[in-house]
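Input: a single structure, listed below in structure tokens.
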Amino acid sequence: SNLKLLEAMQVHDENNDNLNLLIAEIYSAYTLSFAEDKMEQAEADKKDGEVERQRKRAKMLYLRARDFAGKVLLPLLDTQDLSSMTEQELQKRLAKLDKDDIAPVFWYAFAWGSAINVDREDTQGLSDLPKIEIMMAQVKAWNEAYYFAGAWLFEGVYFGARNEMMGGDPVRSKAAFEKNLKLTEGKLLITQYFYARTYCIFAQDKVCFDKNIAAVLDAPADVHPGQKLANALAKKKAERLKRRKADFFIE
1 SNLKLLEAMQ
11 VHDENNDNLN
21 LLIAEIYSAY
31 TLSFAEDKME
41 QAEADKKDGE
51 VERQRKRAKM
61 LYLRARDFAG
71 KVLLPLLDTQ
81 DLSSMTEQEL
91 QKRLAKLDKD
101 DIAPVFWYAF
111 AWGSAINVDR
121 EDTQGLSDLP
131 KIEIMMAQVK
141 AWNEAYYFAG
151 AWLFEGVYFG
161 ARNEMMGGDP
171 VRSKAAFEKN
181 LKLTEGKLLI
191 TQYFYARTYC
201 IFAQDKVCFD
211 KNIAAVLDAP
221 ADVHPGQKLA
231 NALAKKKAER
241 LKRRKADFFI
251 E
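Its first residue numbered 1, the sequence shown is counted upward by one per residue in our numbering.
Below, the structure written as structure tokens:
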């Protein structure tokens with residue numbers, strides 16, 4: 001309901017950068033916390049039809065978040081479509097921005113990358129991943145700790161959720177997760193959850209999996225007072241993932 005209210009406000013104030021970025025952030029957080037969670041629950045329940053339905057919904061919501069961030073970012077980059085821009089041109093135009101532009105770059109890249117991540121059969125989307133990596137590299141250059149070191153978390157998932165034949169890189173993934181944990185002091189538990197769900201599973205590292213799941217489940221509820229809801233959701237996800245351990249590891 002809050003999102004609908006904000007969107008109604010945006011209709012009458014389309015060029016309000018702060019409002020557009022706030023909507024992008026809330027849509028991204030909502031999709032990560034709730035829409036993707038429904039998809040994961042359907043996977044656990046082995047309901048393939050529901051998995052696909054929730055996957056499509058999550059992708060649609062992430063792209064919606066991207067488009068709101070794009071209302072701010074695309075004019076800054078003097079383009080209407082990043083997909084048609086070469087990687088070299090994107091780097092050149094990003095170089096003309098400064099750290100005050102970090103929010104639109106981060107939220108556009110985060111939402112766009114997350115949409116691709118939930119639909120890895122989208123070949124066009126996969127071909128755009130290098131551009132998202134370029135954008136996140138720029139975010140790190142400006143401020144690597146921005147939004148709970150979100151660029152490092154993204155890099156961990158980006159390189160950890162695919163095998164090496166598909167462009168994954170377990171060494172980079174692990175290093176990115178560890179960097180995020182250092183910058184956040186391990187207080188945002190979704191990092192350890194994604195560490196377990198991506199890198200640890202694809203690397204078939206049971207010790208890593210158990211360590212990160214335990215870190216989430218054993219953390220006090222108020223480990224980060226400002227992120228109690230997010231951490232409670234991470235605990236729910238970790239408990240479900242722990243129950244499914246046998247589904248992911250080869251004995």
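For glycine and all other residues, C-beta sits at the position ideal for the given N, C-alpha and C.
Everything numeric in this text was worked out from a predicted model, so none of it was measured.
Where does residue i land, buried or exposed, given buried means 16+ other C-beta within 10 angstroms?
| i | result |
| --- | --- |
| A95 | exposed |
| T31 | buried |
| E155 | buried |
| I116 | buried |
| P130 | exposed |
| M9 | exposed |
| G125 | buried |
| L90 | buried |
| P104 | buried |
| A151 | buried |
Which of the three DSSP states is assigned to residue i in this structure?
| i | result |
| --- | --- |
| D37 | helix |
| K99 | helix |
| A115 | helix |
| E265 | The question about residue 265 has no answer, for the chain in this structure spans 1 to 251. |
| E121 | coil |
| R2 | Going by the sequence as given, residue 2 is Asn instead of Arg. Three-state DSSP puts N2 in a helix. |
| E251 | coil |
| D81 | coil |
| E164 | helix |
| T86 | coil |
| N15 | coil |
| G226 | helix |
Pick from the options: whose alpha carbon is nearest that of residue i?
| i | options | result |
| --- | --- | --- |
| R244 | K71, F110, M136 and K46 | K46 |
| A161 | F202, T191, I132 and N18 | F202 |
| K187 | V171, N143, A232 and A35 | A232 |
| A149 | V118, E52, E121 and L189 | L189 |
Just checking my contact of residue i with residue j at CB under 8 Å: how many whole Å lie between their CB atoms?
| i | j | result |
| --- | --- | --- |
| Y146 | I102 | 6 Å |
| R240 | A44 | 6 Å |
| L217 | K235 | 6 Å |
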